[in-house]
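Note sheet for the following structure.
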(Lines of atoms letter the chains of each structure in order from A and count residues from 1; the text may use other names and numbers.)
(Lines give C-alpha, C1' and ligand atoms only; values in the text may rest on other atoms or scores of the structure.)
Protein backbone atom coordinates (compact mmCIF):
# COMPACT_ATOMS: atom_id res chain seq x y z
CA UNK A 1 0.00 0.00 0.00
CA UNK A 2 1.54 3.31 -1.07
CA UNK A 3 1.77 6.02 1.56
CA UNK A 4 1.65 9.76 0.93
CA UNK A 5 3.19 12.39 3.16
CA UNK A 6 0.66 15.23 3.20
CA UNK A 7 1.30 18.70 4.59
CA UNK A 8 -0.95 21.69 5.14
CA UNK A 9 1.30 24.75 5.30
CA UNK A 10 0.25 27.74 7.39
CA UNK A 11 1.95 30.95 8.41
CA UNK A 12 2.87 29.70 11.88
CA UNK A 13 2.17 25.96 11.76
CA UNK A 14 2.71 23.05 9.42
CA UNK A 15 0.33 20.14 9.85
CA UNK A 16 1.55 16.82 8.49
CA UNK A 17 0.23 13.28 8.23
CA UNK A 18 0.95 10.05 6.46
CA UNK A 19 -2.11 9.14 4.39
CA UNK A 20 -2.93 5.73 2.96
CA UNK A 21 -4.94 5.07 -0.18
CA UNK A 22 -8.34 4.98 1.56
CA UNK A 23 -7.82 8.35 3.24
CA UNK A 24 -6.78 7.17 6.68
CA UNK A 25 -4.45 9.62 8.41
CA UNK A 26 -1.48 8.13 10.22
CA UNK A 27 1.31 9.73 12.27
CA UNK A 28 -0.29 13.17 12.34
CA UNK A 29 1.83 16.07 13.62
CA UNK A 30 1.41 19.80 14.15
CA UNK A 31 4.75 21.60 13.89
CA UNK A 32 5.50 25.24 14.68
CA UNK A 33 7.18 27.03 11.76
CA UNK A 34 7.45 30.78 11.22
CA UNK A 35 6.76 30.97 7.50
CA UNK A 36 4.81 34.21 7.78
CA UNK A 37 8.00 36.30 8.05
CA UNK A 38 7.88 38.59 4.98
CA UNK A 39 11.69 38.73 4.90
CA UNK A 40 12.12 35.01 4.27
CA UNK A 41 13.92 34.16 1.05
CA UNK A 42 12.91 31.34 -1.28
CA UNK A 43 15.92 29.30 -0.16
CA UNK A 44 14.98 29.75 3.48
CA UNK A 45 11.41 28.60 2.86
CA UNK A 46 12.58 25.49 1.03
CA UNK A 47 15.03 24.67 3.82
CA UNK A 48 12.45 25.13 6.58
CA UNK A 49 9.82 22.96 4.89
CA UNK A 50 12.26 20.24 3.83
CA UNK A 51 13.87 20.03 7.28
CA UNK A 52 10.46 19.66 8.92
CA UNK A 53 9.23 17.03 6.48
CA UNK A 54 12.37 14.94 6.21
CA UNK A 55 11.92 13.01 9.51
CA UNK A 56 8.51 11.81 8.28
CA UNK A 57 10.08 10.04 5.29
CA UNK A 58 11.04 7.11 7.54
CA UNK A 59 7.47 5.83 7.02
CA UNK A 60 8.28 4.52 3.50
CA UNK A 61 6.67 7.45 1.70
CA UNK A 62 5.92 7.22 -2.03
CA UNK A 63 5.27 10.91 -2.72
CA UNK A 64 4.66 14.22 -0.98
CA UNK A 65 1.65 16.53 -1.36
CA UNK A 66 1.52 20.09 0.01
CA UNK A 67 -1.24 22.63 0.38
CA UNK A 68 0.35 26.08 0.44
CA UNK A 69 -1.20 29.55 0.77
CA UNK A 70 -0.59 31.24 -2.55
CA UNK A 71 -1.24 31.32 -6.28
CA UNK A 72 0.01 28.42 -8.39
CA UNK A 73 0.45 28.14 -12.13
CA UNK A 74 -2.01 25.31 -12.69
CA UNK A 75 -0.45 21.95 -11.84
CA UNK A 76 3.09 23.08 -12.67
CA UNK A 77 4.15 23.33 -9.04
CA UNK A 78 5.24 26.92 -9.58
CA UNK A 79 4.23 29.36 -6.84
CA UNK A 80 3.51 32.60 -8.66
CA UNK A 81 3.00 34.64 -5.49
CA UNK A 82 1.92 34.33 -1.86
CA UNK A 83 0.06 37.12 -0.02
CA UNK A 84 2.19 36.84 3.12
CA UNK A 85 5.53 36.37 1.37
CA UNK A 86 6.22 39.43 -0.78
CA UNK A 87 9.75 38.28 -1.65
CA UNK A 88 8.50 35.14 -3.37
CA UNK A 89 7.74 35.20 -7.08
CA UNK A 90 7.58 32.35 -9.62
CA UNK A 91 9.15 29.87 -7.19
CA UNK A 92 9.41 26.31 -8.55
CA UNK A 93 8.27 24.98 -5.19
CA UNK A 94 7.52 21.39 -6.26
CA UNK A 95 10.82 20.97 -8.12
CA UNK A 96 12.88 22.52 -5.33
CA UNK A 97 11.30 20.28 -2.70
CA UNK A 98 11.72 17.27 -4.99
CA UNK A 99 15.43 18.02 -5.11
CA UNK A 100 15.60 18.43 -1.34
CA UNK A 101 13.58 15.33 -0.44
CA UNK A 102 14.39 13.07 -3.42
CA UNK A 103 10.71 12.14 -3.83
CA UNK A 104 7.94 13.24 -6.21
CA UNK A 105 6.30 16.38 -4.81
CA UNK A 106 2.97 17.96 -5.78
CA UNK A 107 1.88 21.37 -4.47
CA UNK A 108 -1.30 23.40 -4.81
CA UNK A 109 -3.21 26.22 -3.15
CA UNK A 110 -4.28 25.24 0.36
CA UNK A 111 -7.96 26.07 -0.12
CA UNK A 112 -8.07 24.09 -3.36
CA UNK A 113 -6.53 21.16 -1.49
CA UNK A 114 -9.30 21.49 1.11
CA UNK A 115 -11.85 21.40 -1.71
CA UNK A 116 -10.28 18.22 -3.10
CA UNK A 117 -10.30 16.61 0.32
CA UNK A 118 -13.94 17.48 0.90
CA UNK A 119 -14.86 16.33 -2.61
CA UNK A 120 -13.21 12.94 -2.34
CA UNK A 121 -13.63 12.10 1.34
CA UNK A 122 -16.01 14.56 3.01
CA UNK A 123 -19.31 16.40 2.75
CA UNK A 124 -18.85 16.94 -0.99
CA UNK A 125 -18.32 13.26 -1.76
CA UNK A 126 -20.39 12.17 -4.75
CA UNK A 127 -20.74 15.68 -6.15
CA UNK A 128 -19.55 16.20 -9.70
CA UNK A 129 -19.16 19.92 -9.06
CA UNK A 130 -18.32 21.55 -5.74
CA UNK A 131 -17.65 25.02 -4.40
CA UNK A 132 -15.64 24.97 -1.19
CA UNK A 133 -14.88 27.82 1.22
CA UNK A 134 -12.43 28.02 4.11
CA UNK A 135 -13.24 30.41 6.97
CA UNK A 136 -10.22 31.26 9.05
CA UNK A 137 -7.87 34.22 9.36
CA UNK A 138 -9.02 35.06 5.85
CA UNK A 139 -11.45 33.39 3.46
CA UNK A 140 -10.26 31.06 0.74
CA UNK A 141 -12.01 28.98 -1.84
CA UNK A 142 -11.59 25.97 -4.07
CA UNK A 143 -13.57 24.82 -7.07
CA UNK A 144 -14.21 21.34 -8.45
CA UNK A 145 -15.67 21.20 -11.97
CA UNK A 146 -16.58 17.87 -13.59
CA UNK A 147 -14.67 16.05 -10.85
CA UNK A 148 -11.49 18.02 -11.52
CA UNK A 149 -9.89 20.83 -9.56
CA UNK A 150 -10.10 24.15 -11.37
CA UNK A 151 -7.46 26.71 -10.45
CA UNK A 152 -8.06 29.11 -13.35
CA UNK A 153 -5.85 30.17 -16.22
CA UNK A 154 -3.39 31.95 -13.93
CA UNK A 155 -3.91 29.96 -10.72
CA UNK A 156 -6.18 32.55 -9.12
CA UNK A 157 -9.66 31.09 -9.47
CA UNK A 158 -12.04 31.11 -6.48
CA UNK A 159 -10.57 34.08 -4.61
CA UNK A 160 -14.01 34.29 -3.07
CA UNK A 161 -12.68 36.09 0.00
CA UNK A 162 -12.11 39.08 -2.25
CA UNK A 163 -15.56 39.26 -3.79
CA UNK A 164 -16.95 42.70 -3.05
CA UNK A 165 -19.94 42.43 -0.73
CA UNK A 166 -20.00 45.97 0.71
CA UNK A 167 -18.26 49.31 0.28
CA UNK A 168 -16.54 50.51 3.40
CA UNK A 169 -13.79 48.38 4.84
CA UNK A 170 -10.26 48.32 3.45
CA UNK A 171 -8.93 44.82 2.82
CA UNK A 172 -5.31 43.72 2.98
CA UNK A 173 -5.43 43.23 -0.79
CA UNK A 174 -5.85 47.00 -1.22
CA UNK A 175 -9.52 46.93 -2.24
CA UNK A 176 -12.58 47.89 -0.22
CA UNK A 177 -15.54 45.76 0.83
CA UNK A 178 -14.01 42.29 0.39
CA UNK A 179 -15.90 39.38 1.94
CA UNK A 180 -13.08 38.44 4.30
CA UNK A 181 -13.19 41.87 5.97
CA UNK A 182 -16.76 41.04 7.10
CA UNK A 183 -17.05 37.26 7.46
CA UNK A 184 -13.69 35.72 8.37
CA UNK A 185 -12.84 34.71 11.93
CA UNK A 186 -10.51 37.71 12.03
CA UNK A 187 -13.32 40.02 10.95
CA UNK A 188 -15.71 38.68 13.59
CA UNK A 189 -13.12 39.33 16.31
CA UNK A 190 -12.36 42.84 15.04
CA UNK A 191 -16.00 43.81 14.66
CA UNK A 192 -16.82 42.63 18.17
CA UNK A 193 -13.90 44.60 19.60
CA UNK A 194 -15.00 47.72 17.72
CA UNK A 195 -18.49 47.43 19.17
CA UNK A 196 -17.63 46.44 22.73
CA UNK A 197 -13.97 47.26 23.31
CA UNK A 198 -13.40 43.62 24.31
CA UNK A 199 -10.97 41.20 22.67
CA UNK A 200 -12.13 37.61 22.22
CA UNK A 201 -11.54 34.70 19.88
CA UNK A 202 -14.23 33.86 17.34
CA UNK A 203 -15.05 30.74 19.35
CA UNK A 204 -15.50 32.80 22.51
CA UNK A 205 -17.70 35.29 20.67
CA UNK A 206 -19.96 32.45 19.56
CA UNK A 207 -20.20 31.23 23.16
CA UNK A 208 -21.10 34.75 24.24
CA UNK A 209 -23.82 34.79 21.57
CA UNK A 210 -25.22 31.49 22.83
CA UNK A 211 -25.21 32.91 26.36
CA UNK A 212 -27.35 35.85 25.25
CA UNK A 213 -24.90 38.53 24.11
CA UNK A 214 -26.94 40.26 21.42
CA UNK A 215 -23.96 42.07 19.90
CA UNK A 216 -22.08 38.80 19.47
CA UNK A 217 -25.14 37.15 17.92
CA UNK A 218 -25.64 40.04 15.50
CA UNK A 219 -22.01 40.01 14.33
CA UNK A 220 -22.05 36.26 13.64
CA UNK A 221 -25.36 36.49 11.82
CA UNK A 222 -24.02 39.39 9.76
CA UNK A 223 -21.06 37.21 8.80
CA UNK A 224 -23.56 34.59 7.63
CA UNK A 225 -25.40 37.27 5.64
CA UNK A 226 -22.23 38.31 3.80
CA UNK A 227 -21.26 34.70 3.14
CA UNK A 228 -24.69 34.02 1.65
CA UNK A 229 -24.39 37.10 -0.55
CA UNK A 230 -20.99 36.02 -1.87
CA UNK A 231 -22.08 32.43 -2.49
CA UNK A 232 -25.13 33.70 -4.38
CA UNK A 233 -22.91 35.65 -6.77
CA UNK A 234 -20.72 32.60 -7.34
CA UNK A 235 -23.76 30.36 -7.92
CA UNK A 236 -25.24 32.79 -10.45
CA UNK A 237 -21.98 32.61 -12.35
CA UNK A 238 -21.25 28.88 -12.05
CA UNK A 239 -24.66 27.18 -11.52
CA UNK A 240 -23.18 24.82 -8.92
CA UNK A 241 -25.54 23.36 -6.35
CA UNK A 242 -23.27 21.92 -3.67
CA UNK A 243 -21.20 24.09 -1.34
CA UNK A 244 -19.00 22.94 1.53
CA UNK A 245 -17.47 25.16 4.19
CA UNK A 246 -14.58 24.44 6.55
CA UNK A 247 -12.47 26.45 8.97
CA UNK A 248 -12.62 27.66 12.54
CA UNK A 249 -15.64 29.91 12.11
CA UNK A 250 -17.82 26.89 11.28
CA UNK A 251 -17.88 26.37 15.04
CA UNK A 252 -20.60 29.03 14.99
CA UNK A 253 -22.65 27.01 12.46
CA UNK A 254 -25.96 27.04 14.39
CA UNK A 255 -26.06 30.85 14.05
CA UNK A 256 -24.03 31.22 10.87
CA UNK A 257 -25.87 28.75 8.65
CA UNK A 258 -29.48 30.01 8.98
CA UNK A 259 -28.41 33.59 8.21
CA UNK A 260 -26.31 32.37 5.28
CA UNK A 261 -29.12 30.33 3.73
CA UNK A 262 -31.65 33.15 4.16
CA UNK A 263 -29.49 35.68 2.30
CA UNK A 264 -28.43 33.10 -0.27
CA UNK A 265 -32.02 32.47 -1.32
CA UNK A 266 -32.82 36.18 -1.28
CA UNK A 267 -29.91 36.94 -3.62
CA UNK A 268 -30.42 34.10 -6.09
CA UNK A 269 -32.55 34.39 -9.22
CA UNK A 270 -35.89 32.57 -8.80
CA UNK A 271 -35.05 29.33 -10.68
CA UNK A 272 -32.02 28.79 -8.42
CA UNK A 273 -33.69 29.43 -5.09
CA UNK A 274 -33.77 26.51 -2.65
CA UNK A 275 -31.64 24.39 -4.99
CA UNK A 276 -28.25 24.98 -3.35
CA UNK A 277 -27.01 22.71 -0.57
CA UNK A 278 -24.57 24.29 1.89
CA UNK A 279 -22.80 21.76 4.10
CA UNK A 280 -20.46 22.13 7.02
CA UNK A 281 -17.27 20.10 6.57
CA UNK A 282 -17.32 16.54 7.84
CA UNK A 283 -13.51 16.43 7.83
CA UNK A 284 -12.75 19.26 10.24
CA UNK A 285 -9.09 20.28 10.04
CA UNK A 286 -8.24 17.25 7.92
CA UNK A 287 -9.70 18.46 4.61
CA UNK A 288 -6.49 20.18 3.50
CA UNK A 289 -4.29 17.22 4.43
CA UNK A 290 -6.51 14.77 2.58
CA UNK A 291 -6.61 17.06 -0.45
CA UNK A 292 -2.82 17.29 -0.41
CA UNK A 293 -2.70 13.50 -0.53
CA UNK A 294 -5.05 13.56 -3.52
CA UNK A 295 -2.82 15.87 -5.58
CA UNK A 296 0.19 13.69 -4.80
CA UNK A 297 -1.60 10.52 -5.90
CA UNK A 298 -2.88 12.25 -9.03
CA UNK A 299 0.66 13.35 -9.88
CA UNK A 300 1.94 9.76 -9.43
CA UNK A 301 -0.84 8.42 -11.64
CA UNK A 302 -0.07 10.97 -14.36
CA UNK A 303 3.62 10.08 -14.22
CA UNK A 304 2.91 6.36 -14.45
CA UNK A 305 0.61 6.93 -17.45
CA UNK A 306 3.35 8.65 -19.45
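Numbering (the numbering used here), first residue to last: 343 to 648.
All C-beta atoms in this analysis are idealised placements derived from N, C-alpha and C, irrespective of residue type, glycine included.
Item                                                                                                                                                                                         : Value
How is residue 483 classed by DSSP in three states: helix, strand or coil?                                                                                                                   : strand
How many Å lie between residue 620 and residue 585 at the Cα?                                                                                                                                : 5 Å
Determine the extent of the beta strand (DSSP E) in which residue 649 is found, giving its start and end residues.                                                                           : No answer is possible for residue 649: the residues shown for the chain start at 343 and end at 648.
My output table needs one value for residue 511: the three-state DSSP class, helix, strand or coil.                                                                                          : coil
Could you tell me which of 582, 561, 579 and 570 sits nearest to residue 608, measuring between CA atoms?                                                                                    : 570
Please tell me whether residue 286 and residue 356 are closer than 8 Å, where the distance is taken between their beta carbons.                                                              : Within the shown structure, residues of the chain are numbered from 343 to 648, placing residue 286 beyond reach of any answer.
Can you grab the Cα-Cα spacing for the pair residue 622 / residue 478, in whole Å?                                                                                                           : 14 Å
Counting along the chain, where does the beta strand (DSSP E) carrying residue 587 start and finish?                                                                                         : 584-588
Is DSSP giving residue 470 helix, strand or coil here?                                                                                                                                       : coil
In three-state terms, what does DSSP make of residue 355?                                                                                                                                    : strand
Give every residue of the same chain whose Cβ lies closer than 8 Å to the Cβ of residue 398, excluding the five residues on either side of it in the sequence, and list them in chain order. : 347, 358, 360, 369 and 371
Taking the beta carbon of residue 626 as the centre, do at least 16 other beta carbons fall within 10 Å, making it buried, or is it exposed?                                                 : exposed
Could you please give the first and the last residue of the uninterrupted beta strand (DSSP E) stretch that includes residue 407?                                                            : 403-410
On the CB-based measure, 16 or more other CB atoms within 10 Å of its CB, does residue 556 come out buried or exposed?                                                                       : exposed
Can you tell me the Cα-Cα spacing of residue 577 and residue 408, whole angstroms?                                                                                                           : 28 Å
Near residue 506, what residues of its chain come up, given a Cβ to Cβ distance below 6 Å and the 5 sequence neighbours on each side ignored?                                                : 519
To which residues does DSSP link residue 632 through a beta bridge?                                                                                                                          : Partner(s): none; residue 632 has no beta bridge.
Is residue 450 helix, strand or coil when you go by DSSP?                                                                                                                                    : strand
Can you tell me which of 480, 483 and 488 puts its alpha carbon nearest to the alpha carbon of residue 468?                                                                                  : 488
Three-state secondary structure (DSSP) at residue 381?                                                                                                                                       : coil
Indicate the three-state DSSP secondary structure (helix, strand or coil) for residue 422 in the structure shown.                                                                            : strand
Determine the direct distance from the alpha carbon of residue 522 to that of residue 516, and round the result to whole angstroms.                                                          : 12 Å
What residue range is occupied by the uninterrupted beta strand (DSSP E) comprising residue 371?                                                                                             : 367-374
Report the three-state DSSP secondary structure of residue 627 (helix, strand or coil).                                                                                                      : helix
In the structure shown, what three-state DSSP assignment does residue 500 receive?                                                                                                           : coil
With a CB to CB cut of under 6 Å and the five nearest residues on each side skipped, what residues in its chain are close to residue 537?                                                    : 557
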